[in-house]
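Data first, discussion second: the structure below is written as structure tokens.
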Amino acid sequence: MTQPETLTNAAPAGAPVPFAEIWRGPFLESVHMGHAVVCDTQGEIVMAWGDPHAVVLPRSSSKMLQGLPLIESGAADAAGLTDAQLALACASHQGAAIHTSRVAAWLEHLGKSESDLRCGVQPAADVPEAERLIRAGESACQLHNNCSGKHAGFLTLNAHLGGGSEYVEADHPVQKAALEAFEDLTGADSYGYAIDGCSAPNHATTVHGMARAMAYFAGAKTGSNTRQNAAARLRDAICAYPELVAGEGRACTELMRAMDGRVAIKTGAEAYYVAILPEKGLGVALKVVDGSTRGAECAIAAILVKLGVLDANHPATRKRMNAPIRNWRGIETGILRPAAALA
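Residue numbers (the UniProt record's numbering): 1 to 343.
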């Protein structure tokens, strides 16, 4: 795969603003800065922090967009995919047995095998599965890759389209279909792409563009048109199967459960987050510029609390926002809390 040229057509990002703070006693020890946008279904900005026009790579937060052609093309129905499989197609899972077994069965149904995936081998992030592999003297495989569900979706679409085996190439019909959906929902031509951790192209857009796309998912209604049908189906699948989208102990899974499946959220590498709020017709996108997971989790929790869909005192929220920091003796030494702009 040929690497894209260096991005040259995006304006310099404006200044990020403080999102999350680490306090140790009376001292502000660390600050995580970022950009965020809340958008309505008309594409208009409702709230914004930092620069809405900052151009960033959404990484795995774009998986719902990449999954739209799987349904729109008819490939999902032709393959008899379930909602659980659609959730896996949008997942950044941790390689637990509930993830790998489902992807393996999916591939078998397609007449494919693990070797047909192009996501690469990743160690299992799920502790029980990692320990099982050690006890069994086995090695992790591509099924354990957090993107194996997305790639099973790519293979399903590819079988329907009749494309070549290297479905991660940017000029492959699978990736062209994903780009068309991405640009349509973000409302602008992509600024270019880079290669994601799973070897597929990851296209850049503004924070506003991603919030606009998430608001489209929020407003999508079954029975409207082909694209809205696909968006509503993916959104509802994510909400129905939070344990498949990420995994036990993960922020996406725990926060979606805390909101009783009424909101879909999805993380992306390097501290990206998106949220879909169907009842309010809103989409959210945020990026913490230092790539800190704790900063992004605190920020998305704070925004969801501000929007009235997440209980600030729920245990899943308190793990990530206004979370006590304790030392090895259990003494509370500080706190991770939202900065004033988000509090």
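Note that the Cβ used here is the ideal one computed from N, Cα and C, for glycine as well.
### Query
Does DSSP classify S165 as helix, strand or coil?
Looking at S165 - three-state DSSP - the assignment turns out to be coil, as it is neither helix nor strand.
#### Entry: Complete runs of the beta strand (DSSP E) confined to the segment 241-285 [at least 3 residues]
Restricted to the segment 241-285, the beta strand (DSSP E) segments that are unbroken, complete and at least 3 residues in length are 264-268 and 272-277, listed in chain order.
### Task
Compute the Euclidean distance between the alpha carbons of S30 and T317, then round it to the nearest angstrom.
Rounded to whole angstroms, S30 and T317 show a C-alpha spacing of 20 Å.
### Rounded Cβ spacing between residue 374 and I303 (contact assumed at less than 8 Å)
Nothing about residue 374 can be read from this structure; the chain reaches only from 1 to 343.
### Query
Going by C-alpha distance, which of G80, G334, D311 and A275 is nearest A211?
For the residues G80, G334, D311 and A275, the minimum Cα distance to A211 belongs to A275.
### Message
Could you check whether V245 and K221 sit closer than 8 Å to each other, using their CB atoms as the reference points?
### Response
Against a cut-off of 8 Å, the Cβ pair of V245 and K221 comes out as no contact.
### Message
Just verifying my parser: in three-state terms, what is the DSSP assignment at L81?
### Response
It is coil, neither helix nor strand.
### Task
Report yes if the C-beta distance between E72 and A285 is below 8 Å; otherwise report no.
Their beta carbons are not under 8 Å apart, which means E72 does not touch A285 by this criterion.
### Query
So which of L277, V46 and H32 has the shortest CA-CA distance to A340?
Looking at the Cα atoms, H32 is the closest of the given residues.
### A15 versus R337, V289 and A181, residue with shortest Cα-Cα distance
Of the candidates R337, V289 and A181, the one whose C-alpha sits nearest the C-alpha of A15 is V289.
### Closest by C-alpha distance to G249, when choosing among L81, G330, K319 and Q66
Per the Cα distances, K319.
### Task
Take Q94 as the anchor and find which of T82, G67, G283 and G149 has the nearest alpha-carbon.
Among T82, G67, G283 and G149, the Cα nearest to that of Q94 belongs to G149.
### Query
F182 bridges to which residues according to DSSP?
When DSSP reads this structure, F182 sits in no beta bridge, so it has no partner.
### Query
Touching or not, the segment 76-84 and the segment 137-151, by the rule of three or more beta carbon pairs under 8 Å?
Touching, no, given that fewer than three Cβ pairs across the two stretches are closer than 8 Å.
### Message
Between P201 and A170, how many whole angstroms is the CB-CB distance? I'm expecting something under 8 Å.
### Response
Indeed, because the Cβ distance is near 5 Å, the residues count as touching under 8 Å.
### Task
Give the C-beta separation of L336 and V309 to the nearest angstrom, bearing in mind that I take them to be a contact with Cβ-Cβ under 8 Å.
Contact doesn't hold; Cβ gap of about 21 Å is too wide.
### Message
For the pair the segment 16-27 and the segment 190-207, tell me if three or more CB-CB distances fall below 8 Å.
### Response
The segment 16-27 and the segment 190-207 do not touch, with fewer than 3 CB-CB distances between them shorter than 8 Å.
### Query
Could you give the residue range of the alpha helix (DSSP H) that holds Y216?
Counting along the chain, the alpha helix (DSSP H) containing Y216 begins and ends at V207 to G219.
### Nonlocal neighbours in the same chain, by C-beta distance under 7 Å from R132, ignoring five residues either side
By the criterion of a C-beta distance shorter than 7 Å, R132 is surrounded by no residue of its chain, once the five residues flanking it on both sides are discounted.
### Task
Measuring alpha carbon to alpha carbon, tell me which of M47, L68 and V38 ends up nearest residue 344.
The structure shown does not extend to residue 344, since the chain is modelled only from 1 through 343, so no value can be given for it.
### Task
Under the assumption that R24 contacts T333 (Cβ atoms under 8 Å), give the Cβ distance between them as a whole number of angstroms.
The pair is a contact, with the Cβ atoms about 6 Å apart (cut-off 8 Å).
#### Entry: Other residues of its chain near R233: CB distance less than 7 Å, five sequence neighbours each side excluded
Excluding positions up to five away in sequence, the list reads I71 and L86.
### Task
Find out if the Cβ-Cβ distance for the pair G247, C39 is shorter than 8 Å.
Contact check for G247 against C39 fails: the beta carbons are separated by 8 Å or more.
### Query
Are the segment 39-57 and the segment 204-219 in contact at 8 Å, needing three or more beta carbon pairs?
Between the segment 39-57 and the segment 204-219 there are three or more C-beta pairs closer than 8 Å, enough to call the two in contact.
### Query
Which runs of the alpha helix (DSSP H) spanning at least 4 residues fall entirely within the segment 90-153, listed in chain order?
Complete alpha helix (DSSP H) runs here, min 4: 97-110 and 127-136.
### Query
Would you call the CB atoms of A237 and G261 closer than 8 Å?
Going by C-beta atoms, A237 is not nearer than 8 Å to G261.
### Query
Rounded to a whole number of angstroms, what is the C-alpha to C-alpha distance between G111 and Y191?
Roughly 37 Å separates the two Cα atoms.
### Message
Alpha carbons only, please: which of Y273, E297, I98 and A299 is nearest the one belonging to S60?
### Response
The candidate whose alpha carbon is nearest that of S60 is Y273.
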